[in-house]
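In this note's numbering, the protein residues as written are 1197 to 1498. Just so you know, even glycine gets a beta-carbon here, dropped at the ideal spot from N, CA and C. Comments concern the structure below.
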Amino acid sequence: MFRNVILDFGRNDACVFVAGTGRSGTTWIAQILASMTGARHIFEPCLLDGGYEFATLKHRFLNESYALRDYQLYIPPGLGESSAYFRPLSRILQGRVKNEWCDKFTHSGVYTRRVIKEIRANLFLAYLSQTWPNLRIIWVIRDVFDTINSQVAMSKREWHFDWDHQQIVSQQQLLDDWLAAYLPSMRLAVTTAERLAHRWCVETMVPYWQGVQARRNVQLVRYEQLINDVSVWESIVQFVRAKSWSRARLTEVLRRPSPTSRKLFDDSGDRGCTLDNLSAEDIAAIRRIVALYGAARVTEGK
C-alpha cells in the first residue's frame, strides 16, 4: 500500500522539468538533481489513459491496464491557455499530483522544490517552454543506437518499448505540421528496431525542428557527456539556479545506478554499453531511418 506522506510547498517556479525519450537517462538525471537539491522527484506524471487524460491526476493508484505507455501527445506551442491540457499541466507543474506511480522514488517529507521527470513530453516541449517561460527544462538526448539497444534489452525483461505510427495518424495536426512526408516510411517499418528508430526520430526531431534547444528556459544536454565529465554538471547547477554542489558529493551520487538502470537487471550495465541487442541489419536500418529525417547531426552532437 502507498503510504508516503509528501507535502509540496514549492513555489510555481521551484520546478525543473527533465524530458527525453525512454532509456535516454532521464530517471538518472532527475534522481541526481533531486538528491543534490533536496527536491521532490515526480516520476512521469504525463502518462495518459484511454481517454487521453493524465491518469496520475485522476486516481491515487495507477491502473496500468488503461495506461498509454507508448503514446506521445502533441500540443502545438501557440495554444497557450486555450489548450485542453493547460489546466492539467498547471496542476502537475505546481506539484498538485499525488500518485503512487509519480512518487515511487520520493520519501515522505516536506519539499520546497520539485524535479519532474518525463519521457512522454517531447512533442509538447515547445508548448511547455512557451507557455511557462519561467519553467526550467532540461532536454536530454542520447545516441540513437544506444537508446534503441537499451529499449530492446529492457523489453526482454517485460518492460514495454515499441511504437505504432497510428498515434501519428490520429493526431492530424502533428502529421500536417511535421510528419506527413515520413508517413510512407513509417508504414513500412516492420521490425522492432525500425519502429523504435522512427520513434526516436519523431520524439527528437519534432522539438528540434521547433527550435526548443534555442529557447531561453531550455538546456539541451547529452547523456554521453554527463556520464563522462563531472564538470559538465556545473552548467546544469547554474541553469537550475541551485547552490554550488560539492564535487565529492556529486561524484558519489553519479556512481549510483538509476532505479531503472540495466545494472539492476543484469551485468551488462547501461552506460557506454555495446550494441548487444541489435543485429547488423538492425543497425543498418536505424542508420537509414536517421538519415531520412536528417537526424545524424543531432545524434552525433553537432
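Please look up how many angstroms separate the CB atoms of residue i and residue j, rounded, as I've assumed it's under 8 Å.
i            : j            : result
residue 1244 : residue 1285 : That pair is no contact at about 12 Å.
residue 1415 : residue 1482 : Residue 1415 to residue 1482, Cβ: 27 Å. No contact.
residue 1538 : residue 1394 : Here the chain covers residues 1197 to 1498 and nothing more, so residue 1538 does not appear.
residue 1428 : residue 1421 : 5 Å
residue 1413 : residue 1331 : 6 Å
residue 1238 : residue 1293 : 7 Å
residue 1260 : residue 1313 : About 18 Å; that fails the 8 Å criterion.
residue 1256 : residue 1291 : In fact, because the Cβ distance is near 15 Å, the residues do not count as touching under 8 Å.
Report the residue from the options whose alpha carbon sits nearest the alpha carbon of residue i.
i            : options                   : result
residue 1432 : 1480, 1204, 1209 and 1233 : 1233
residue 1448 : 1231, 1200, 1277 and 1214 : 1231
residue 1184 : 1302, 1208, 1236 and 1355 : Since the first residue shown for the chain is 1197 and the last is 1498, residue 1184 is missing from the structure and cannot be characterised.
residue 1242 : 1229, 1257, 1219 and 1267 : 1267
residue 1265 : 1400, 1217, 1488 and 1201 : 1217
residue 1480 : 1224, 1455, 1390 and 1413 : 1390
residue 1222 : 1311, 1324 and 1370       : 1311
Whole angstroms are fine: how far does the CA of residue j sit from the CA of residue i?
i            : j            : result
residue 1470 : residue 1346 : 10 Å
residue 1272 : residue 1246 : 21 Å
residue 1304 : residue 1353 : 30 Å
residue 1367 : residue 1316 : 15 Å
residue 1398 : residue 1476 : 23 Å
residue 1211 : residue 1437 : 11 Å
residue 1373 : residue 1302 : 38 Å
residue 1276 : residue 1282 : 7 Å
residue 1263 : residue 1337 : 25 Å
residue 1295 : residue 1215 : 19 Å
residue 1361 : residue 1341 : 20 Å
residue 1325 : residue 1411 : 7 Å
residue 1225 : residue 1357 : 20 Å
residue 1379 : residue 1351 : 25 Å
residue 1254 : residue 1213 : 21 Å
residue 1465 : residue 1446 : Low confidence applies to residue 1465: its pLDDT is 43, below 50, so where it sits in the model is not reliable, and the reading given next is rough at best. Spanning the two alpha carbons is a distance of roughly 20 Å.
residue 1381 : residue 1375 : 11 Å
Buried or exposed for residue i, please, with buried defined as at least 16 other CB atoms from any protein chain shown within 10 angstroms of its CB.
i            : result
residue 1274 : exposed
residue 1490 : exposed
residue 1227 : buried
residue 1439 : exposed
residue 1385 : buried
residue 1369 : exposed
residue 1495 : buried
residue 1450 : exposed
residue 1248 : exposed
Only counting the same chain, and skipping five residues up and downstream in sequence, which positions put a Cβ closer than 8 Å to that of residue i?
i            : result
residue 1403 : 1318, 1319, 1321, 1322, 1335 and 1409
residue 1205 : 1306, 1307 and 1308
residue 1487 : none
Residues in the same chain with beta-carbon distance under 6 Å from residue i, minus the five sequence neighbours each way, listed in chain order, please.
i            : result
residue 1473 : 1345, 1348 and 1349
residue 1401 : 1489 and 1491
residue 1219 : 1343, 1346 and 1347
residue 1203 : 1306
residue 1279 : 1271
Return yes when at least one heavy atom of the ligand GDP lies under 7 Å from the C-beta of residue i, else no.
i            : result
residue 1399 : The ligand GDP is not part of the structure shown, which contains no ligands of any sort.
Grab me the residues of residue i's own chain with a C-beta within less than 7 Å of its C-beta, minus the 5 sequence neighbours each way, in chain order.
i            : result
residue 1252 : 1241, 1243, 1258, 1293, 1295, 1297 and 1298
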